[in-house]
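Residue numbers (this note's numbering): 3 to 193.
Virtual Cβ for every residue (Gly too), placed ideally from N, Cα, C.
A quick note: this is a predicted structure, and the numbers were derived from the prediction, not measured.
Listed below in C-alpha coordinates is the structure:
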(Lines of atoms letter the chains of each structure in order from A and count residues from 1; the text may use other names and numbers.)
(Lines give C-alpha, C1' and ligand atoms only; values in the text may rest on other atoms or scores of the structure.)
Protein backbone atom coordinates (compact mmCIF):
# COMPACT_ATOMS: atom_id res chain seq x y z
CA UNK A 1 0.00 0.00 0.00
CA UNK A 2 1.40 3.40 -0.97
CA UNK A 3 1.96 6.33 1.36
CA UNK A 4 -0.89 8.30 -0.24
CA UNK A 5 -3.36 5.54 0.53
CA UNK A 6 -2.07 5.20 4.10
CA UNK A 7 -2.33 8.97 4.60
CA UNK A 8 -5.86 9.01 3.20
CA UNK A 9 -6.97 6.09 5.38
CA UNK A 10 -5.35 7.71 8.43
CA UNK A 11 -7.21 10.96 7.76
CA UNK A 12 -10.51 9.13 7.33
CA UNK A 13 -9.95 7.07 10.49
CA UNK A 14 -9.03 10.21 12.46
CA UNK A 15 -12.15 11.97 11.20
CA UNK A 16 -14.38 9.05 12.17
CA UNK A 17 -12.80 8.83 15.63
CA UNK A 18 -13.18 12.60 16.12
CA UNK A 19 -16.83 12.50 14.98
CA UNK A 20 -17.76 9.53 17.17
CA UNK A 21 -15.81 10.84 20.16
CA UNK A 22 -17.40 14.27 20.08
CA UNK A 23 -20.82 12.71 19.47
CA UNK A 24 -20.34 10.61 22.61
CA UNK A 25 -19.31 13.69 24.61
CA UNK A 26 -22.31 15.71 23.37
CA UNK A 27 -24.73 12.89 24.18
CA UNK A 28 -23.17 12.45 27.62
CA UNK A 29 -23.77 16.18 28.21
CA UNK A 30 -27.52 15.62 28.48
CA UNK A 31 -27.00 13.99 31.89
CA UNK A 32 -27.54 14.24 34.83
CA UNK A 33 -31.11 15.35 34.38
CA UNK A 34 -32.24 18.19 36.64
CA UNK A 35 -34.37 17.22 39.62
CA UNK A 36 -35.20 20.58 41.21
CA UNK A 37 -32.54 20.30 43.93
CA UNK A 38 -30.71 23.38 42.66
CA UNK A 39 -32.17 26.77 43.57
CA UNK A 40 -30.78 28.41 40.43
CA UNK A 41 -31.03 27.55 36.75
CA UNK A 42 -29.16 29.39 34.03
CA UNK A 43 -31.00 29.59 30.71
CA UNK A 44 -28.41 30.19 28.00
CA UNK A 45 -29.24 32.72 25.31
CA UNK A 46 -29.38 32.21 21.57
CA UNK A 47 -30.20 34.23 18.47
CA UNK A 48 -33.03 36.76 18.60
CA UNK A 49 -34.73 37.40 15.25
CA UNK A 50 -35.85 40.83 13.99
CA UNK A 51 -38.71 42.29 16.00
CA UNK A 52 -37.24 40.84 19.23
CA UNK A 53 -38.63 37.39 18.42
CA UNK A 54 -36.83 34.32 19.84
CA UNK A 55 -35.27 32.07 17.21
CA UNK A 56 -36.59 28.50 17.11
CA UNK A 57 -33.52 27.37 19.04
CA UNK A 58 -34.06 29.99 21.75
CA UNK A 59 -37.80 29.30 21.87
CA UNK A 60 -37.08 25.62 22.54
CA UNK A 61 -34.76 26.59 25.41
CA UNK A 62 -37.37 28.93 26.85
CA UNK A 63 -40.18 26.39 26.55
CA UNK A 64 -38.01 23.86 28.40
CA UNK A 65 -37.21 26.50 31.04
CA UNK A 66 -40.88 27.42 31.50
CA UNK A 67 -41.87 23.78 31.90
CA UNK A 68 -39.07 23.22 34.43
CA UNK A 69 -39.92 26.40 36.36
CA UNK A 70 -43.57 25.36 36.62
CA UNK A 71 -42.54 21.93 37.88
CA UNK A 72 -40.14 23.43 40.48
CA UNK A 73 -41.60 26.76 41.65
CA UNK A 74 -38.74 27.48 44.09
CA UNK A 75 -36.14 27.66 41.30
CA UNK A 76 -34.85 31.09 40.23
CA UNK A 77 -34.12 31.37 36.50
CA UNK A 78 -31.16 33.41 35.33
CA UNK A 79 -31.77 34.33 31.70
CA UNK A 80 -28.42 35.07 30.11
CA UNK A 81 -27.51 36.72 26.83
CA UNK A 82 -26.36 40.08 25.53
CA UNK A 83 -27.37 41.96 22.41
CA UNK A 84 -25.73 41.02 19.14
CA UNK A 85 -25.10 43.60 16.42
CA UNK A 86 -28.03 42.25 14.42
CA UNK A 87 -30.45 41.92 17.35
CA UNK A 88 -33.11 44.51 18.27
CA UNK A 89 -32.92 43.70 21.98
CA UNK A 90 -30.65 41.86 24.41
CA UNK A 91 -31.35 38.13 24.36
CA UNK A 92 -31.92 38.10 28.14
CA UNK A 93 -34.62 40.80 27.91
CA UNK A 94 -36.44 38.90 25.16
CA UNK A 95 -36.09 35.72 27.23
CA UNK A 96 -37.53 37.38 30.34
CA UNK A 97 -40.49 38.76 28.41
CA UNK A 98 -41.20 35.39 26.78
CA UNK A 99 -41.10 33.56 30.12
CA UNK A 100 -43.45 36.10 31.71
CA UNK A 101 -45.86 35.48 28.80
CA UNK A 102 -45.60 31.77 29.63
CA UNK A 103 -46.76 32.44 33.20
CA UNK A 104 -43.43 32.59 35.04
CA UNK A 105 -43.48 35.27 37.74
CA UNK A 106 -41.09 38.15 37.09
CA UNK A 107 -39.66 37.96 40.62
CA UNK A 108 -38.26 34.51 39.75
CA UNK A 109 -36.31 35.87 36.77
CA UNK A 110 -32.82 37.35 36.96
CA UNK A 111 -31.60 39.12 33.83
CA UNK A 112 -27.93 38.94 32.77
CA UNK A 113 -27.57 40.94 29.55
CA UNK A 114 -23.83 41.57 29.12
CA UNK A 115 -22.62 38.17 27.92
CA UNK A 116 -21.60 37.46 24.33
CA UNK A 117 -20.54 33.79 24.60
CA UNK A 118 -21.35 30.62 26.49
CA UNK A 119 -18.31 31.21 28.70
CA UNK A 120 -19.53 34.71 29.56
CA UNK A 121 -23.12 33.46 30.05
CA UNK A 122 -21.94 31.26 32.87
CA UNK A 123 -19.25 33.59 34.23
CA UNK A 124 -21.55 36.61 34.43
CA UNK A 125 -24.55 34.59 35.64
CA UNK A 126 -22.49 33.10 38.47
CA UNK A 127 -22.33 36.58 40.02
CA UNK A 128 -26.06 36.30 40.81
CA UNK A 129 -25.65 32.97 42.61
CA UNK A 130 -24.83 33.01 46.35
CA UNK A 131 -21.38 31.63 47.19
CA UNK A 132 -22.88 28.77 49.23
CA UNK A 133 -24.76 27.46 46.17
CA UNK A 134 -22.47 24.91 44.56
CA UNK A 135 -25.10 23.23 42.41
CA UNK A 136 -26.76 24.81 39.38
CA UNK A 137 -29.02 23.70 36.58
CA UNK A 138 -28.18 24.55 32.98
CA UNK A 139 -30.92 24.87 30.38
CA UNK A 140 -29.94 24.93 26.71
CA UNK A 141 -30.23 22.86 23.54
CA UNK A 142 -29.13 19.25 23.83
CA UNK A 143 -26.10 19.64 21.53
CA UNK A 144 -24.81 22.55 23.64
CA UNK A 145 -24.94 21.00 27.11
CA UNK A 146 -21.56 19.22 27.18
CA UNK A 147 -19.60 22.41 26.54
CA UNK A 148 -21.80 24.43 28.90
CA UNK A 149 -21.22 21.83 31.64
CA UNK A 150 -17.47 21.92 31.01
CA UNK A 151 -17.48 25.69 31.54
CA UNK A 152 -19.71 25.58 34.63
CA UNK A 153 -17.48 22.95 36.22
CA UNK A 154 -14.50 25.20 35.48
CA UNK A 155 -16.20 27.81 37.69
CA UNK A 156 -16.62 25.23 40.48
CA UNK A 157 -20.27 24.30 40.03
CA UNK A 158 -21.88 20.89 40.30
CA UNK A 159 -24.26 20.73 37.38
CA UNK A 160 -27.48 19.06 36.32
CA UNK A 161 -29.26 19.85 33.09
CA UNK A 162 -32.47 20.39 31.20
CA UNK A 163 -32.01 19.48 27.54
CA UNK A 164 -34.10 21.46 25.07
CA UNK A 165 -34.54 19.88 21.65
CA UNK A 166 -32.49 21.25 18.78
CA UNK A 167 -34.56 22.36 15.77
CA UNK A 168 -34.14 19.85 12.94
CA UNK A 169 -33.38 22.62 10.46
CA UNK A 170 -30.15 23.52 12.26
CA UNK A 171 -29.22 20.25 13.93
CA UNK A 172 -26.48 19.15 11.53
CA UNK A 173 -24.72 22.51 11.35
CA UNK A 174 -25.17 23.20 15.07
CA UNK A 175 -23.67 19.84 16.02
CA UNK A 176 -20.82 20.25 13.53
CA UNK A 177 -19.92 23.68 14.93
CA UNK A 178 -20.26 22.44 18.49
CA UNK A 179 -17.74 19.65 17.84
CA UNK A 180 -15.10 22.28 17.08
CA UNK A 181 -16.35 24.38 19.99
CA UNK A 182 -15.83 21.50 22.41
CA UNK A 183 -12.20 21.10 21.43
CA UNK A 184 -11.46 24.83 21.40
CA UNK A 185 -13.16 25.34 24.77
CA UNK A 186 -11.16 22.51 26.33
CA UNK A 187 -7.93 24.08 25.06
CA UNK A 188 -8.93 27.51 26.43
CA UNK A 189 -9.77 26.07 29.85
CA UNK A 190 -6.42 24.24 30.03
CA UNK A 191 -4.51 27.51 29.87
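query, result
"Residues near residue 39 in its chain [Cβ-Cβ closer than 7 Å; skip 5 each side]", "137"
"DSSP-derived helix/strand/coil call for residue 65", "helix"
"Coarse secondary structure for residue 112, derived from DSSP in three states", "strand"
"Bounding residues of the beta strand (DSSP E) (the contiguous stretch that carries residue 78)", "78 to 82"
"Segment limits, alpha helix (DSSP H) that includes residue 99", "93 to 103"
"CB of residue 123 within 8 Å of CB of residue 83, strictly", "yes"
"Bounding residues of the alpha helix (DSSP H) (the contiguous stretch that carries residue 121)", "120 to 128"
"Per-residue burial, residue 179 [other beta carbons within 10 Å of its own, 16 or more giving buried]", "exposed"
"As assigned by DSSP and simplified to three states, the class of residue 106", "coil"
"Rounded straight-line distance, which links the Cα of residue 108 to that of residue 102", "6 Å"
"Where residue 70 falls: helix, strand or coil (DSSP)", "helix"
"Contacting residues, own chain, Cβ-Cβ under 8 Å from residue 171 (five flanking each side not counted)", "58"
"Nearest-angstrom beta carbon gap, residue 120 and residue 150 [assumed within contact, 8 Å]", "6 Å"
"Own chain, CB closer than 7 Å to residue 134, minus 5 neighbours either side, in chain order", "none"
"For residue 46, the first and last residue of its enclosing beta strand (DSSP E)", "42 to 46"
"The beta strand (DSSP E) enclosing residue 141, as first and last residue numbers", "137 to 143"
"Rounded distance between the beta-carbons of residue 126 and residue 112, thought under 8 Å", "Going by Cβ atoms, the distance from residue 112 to residue 126 rounds to 11 Å, so no, they are not a contact pair."
"Alpha carbon of residue 55 to alpha carbon of residue 92, nearest angstrom", "11 Å"
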